[in-house]
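Residue numbers (mature numbering (1 follows the signal peptide of the UniProt record, and there is no 0)): -18 to -1, 1 to 273.
See below:
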């Protein structure tokens, strides 16, 4: 009897802590690639905390059945200010290796992303905390118990600010200190790749950067991969330091920065540099970090 009770308790405890573990790839540019299926059709997707809403290419959408178009659409803006108009569709199921979402809204964009079929956004994780494990290359869906353990082990906690747009898109932001001079709110964007630091060019004067010093600053014109007629000016230079306002020990130094004209945010940063384990709890608007 005692042995049976012990076995039962072991099973119950395991189920409380057992997380759904989804394998990911970190491709050369640093993007997080995950296998996912929509209505049973599998594809390669970027897991994108800065993507706003789920997106598939038209080529992938053409493979889907039971994928009705919604009457309304969605107009959004890329960080550079480029306008994107997308048709919206309703899928039956979105599945990531054991994690399933019913009736997600998906935008369809007529663009060529090569072997990438689209992106998975934060929209399906509003009540589902998850961890990005960069070392073990895993996306982990947390339980209440495992989340409590993550919080206990966290070396830093960063408050998040959530931007919801018409309950159709969702992005996350946090405050950072740049060069110990400016406190700015940046979009946290796993879809940016590795070690990407893009700042609004309007902050150049406050940082004392001379854009005419070609030995330190390189100016380029960047062409959009979606609307190739859309270009933005970018200034590349070195920046000494960037630190999380709420956790100054989380920092990057000697970074290669890009200052973008017309950026609609204070800035955009990738998230790989924050730590090796990042737990995002949207319901509590916080990120737990192990570095």
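Just so it is clear, CB atoms sit at the ideal spot from N, CA and C, and this is done for glycine as well.
ask   = So the beta strand (DSSP E) residue 126 belongs to, where does it begin and stop?
value = Locating residue 126 in the chain shown gives position 144, counting from the first residue. That residue, residue 126, is in no beta strand (DSSP E); its alpha helix (DSSP H) goes 126 to 135.
query = To the nearest whole angstrom, what separates the beta carbons of residue 113 and residue 122, a pair I think is in contact under 8 Å?
reply = Position 131 of the chain shown, counting from 1, holds the residue named residue 113. Position 140 of the chain shown, counting from 1, holds the residue named residue 122. Indeed, because the Cβ distance is near 4 Å, the residues count as touching under 8 Å.
ask   = Any idea if residue 224 is buried or exposed, counting beta-carbon neighbours within 10 angstroms, 16 or more meaning buried?
value = Position 242 of the chain shown, counted from the first residue, corresponds to residue 224. With 16 or more neighbouring CB atoms inside 10 Å of its own CB, residue 224 falls in the buried class.
request  = Decide if the region 155 to 166 is in contact with the region 34 to 53; the criterion is three or more beta carbon pairs, one per stretch, under 8 Å apart.
outcome  = Counting Cβ pairs under 8 Å, fewer than three are found: no touch.
ask   = Apart from the five residues just before and just after residue 2, which ones in its own chain have a Cβ nearer than 8 Å to its Cβ?
value = Locating residue 2 in the chain shown gives position 20, where the first residue counts as 1. Contacts found: 79, 80, 81, 122, 123.
Span of the alpha helix (DSSP H), counted from its first residue to its last, around residue 41 = Against the chain shown, residue 41 aligns to sequence position 59. Residues 40 to 43.
key: Identity of the residue in 259, 265, 267 nearest residue 273 by Cα   = Residue numbering aside, residue 273 sits at position 291 when the chain shown is read from its first letter. Taking only the C-alpha atoms, the option nearest residue 273 is 259.
key: Three-state class that DSSP yields for residue 141 in the structure shown   = For the purposes of this step, residue 141 is taken as the residue at position 159 of the chain shown. Residue 141: strand per DSSP, three-state reduction.
inquiry  = Buried or exposed, going by whether 16 or more other CB atoms sit within 10 Å of the CB of residue 270?
reply    = Here residue 270 refers to the residue found at position 288 when the chain shown is read from its first residue. Flag for residue 270 reads buried.
inquiry  = Classify residue 182: buried if its beta carbon has 16 or more other beta carbons within 10 angstroms, exposed otherwise.
reply    = Position 200 of the chain shown, counting from 1, holds the residue named residue 182. Its Cβ being crowded by 16 or more others within 10 Å, residue 182 is buried.
key: Simplified DSSP state of residue 104, which is helix, strand or coil   = Counting from 1 along the chain shown, the entry for residue 104 is found at position 122. Helix, per DSSP.
query = So what's residue 185 in DSSP terms, helix, strand or just coil?
reply = On the chain shown, position 203 is the one that residue 185 refers to. For residue 185, the secondary structure class from DSSP, reduced to helix, strand or coil, is helix.
key: Environment of residue 179 [buried if 16+ CB atoms lie within 10 Å]   = Working through the chain shown from its first residue, we reach residue 179 at position 197. Burial call: buried.
Inter-residue Cα distance where the pair is residue 278 and residue 134 = Within the shown structure, residues of the chain are numbered from -18 to 273, placing residue 278 beyond reach of any answer.
For residue 224, the three-state DSSP class (helix, strand or coil) = Position 242 of the chain shown holds residue 224. Looking at residue 224 - three-state DSSP - the assignment turns out to be strand.
inquiry  = Could you tell me the alpha carbon to alpha carbon distance between residue 36 and residue 87, rounded to whole angstroms?
reply    = The residue you call residue 36 lines up with position 54 of the chain shown. The residue you call residue 87 lines up with position 105 of the chain shown. Distance between the alpha carbons of residue 36 and residue 87: 7 Å.
Contact the region 90 to 99 vs the region 56 to 64: 3+ CB pairs below 8 Å = Under the 8 Å Cβ criterion, the region 90 to 99 does not count as touching the region 56 to 64, having fewer than three qualifying pairs.
message = Three Cβ pairs or more, each shorter than 8 Å: is that satisfied between the region 215 to 232 and the region 128 to 148?
response = yes
query = With DSSP run on the structure shown, which of helix, strand or coil describes residue 256?
reply = The count along the chain shown starts at 1 and reaches residue 256 at position 274. Of the three classes helix, strand and coil, the one that applies to residue 256 here is helix, per DSSP.
query = Do residue 250 and residue 32 come within 9 Å of each other at the CB atom, strictly closer than that value?
reply = The residue given as residue 32 occupies position 50 in the chain shown. The residue given as residue 250 occupies position 268 in the chain shown. The answer is yes: Cβ separation under 9 Å.
task = Please state whether DSSP places residue 172 in a helix, a strand or coil.
result = By one-based count along the chain shown, residue 172 stands at place 190. Three-state result, residue 172: helix.
query = What residues in its chain sit with their C-beta under 6 Å from that of residue 265, if we drop five residues either side in the sequence?
reply = One-based indexing of the chain shown puts residue 265 at position 283. Correct list, in chain order: 109.
inquiry  = Considering Cα atoms alone, identify which of 27, -1, 21 is closest to residue 7.
reply    = Locating residue 7 in the chain shown gives position 25, counting from the first residue. If we check each option's Cα against that of residue 7, 27 comes out closest.
ask   = Looking at the structure shown, is residue 147 part of a helix, part of a strand, or coil, going by DSSP?
value = Residue numbering aside, residue 147 sits at position 165 when the chain shown is read from its first letter. In the structure shown, residue 147 sits in a strand (DSSP, three-state: E or B).
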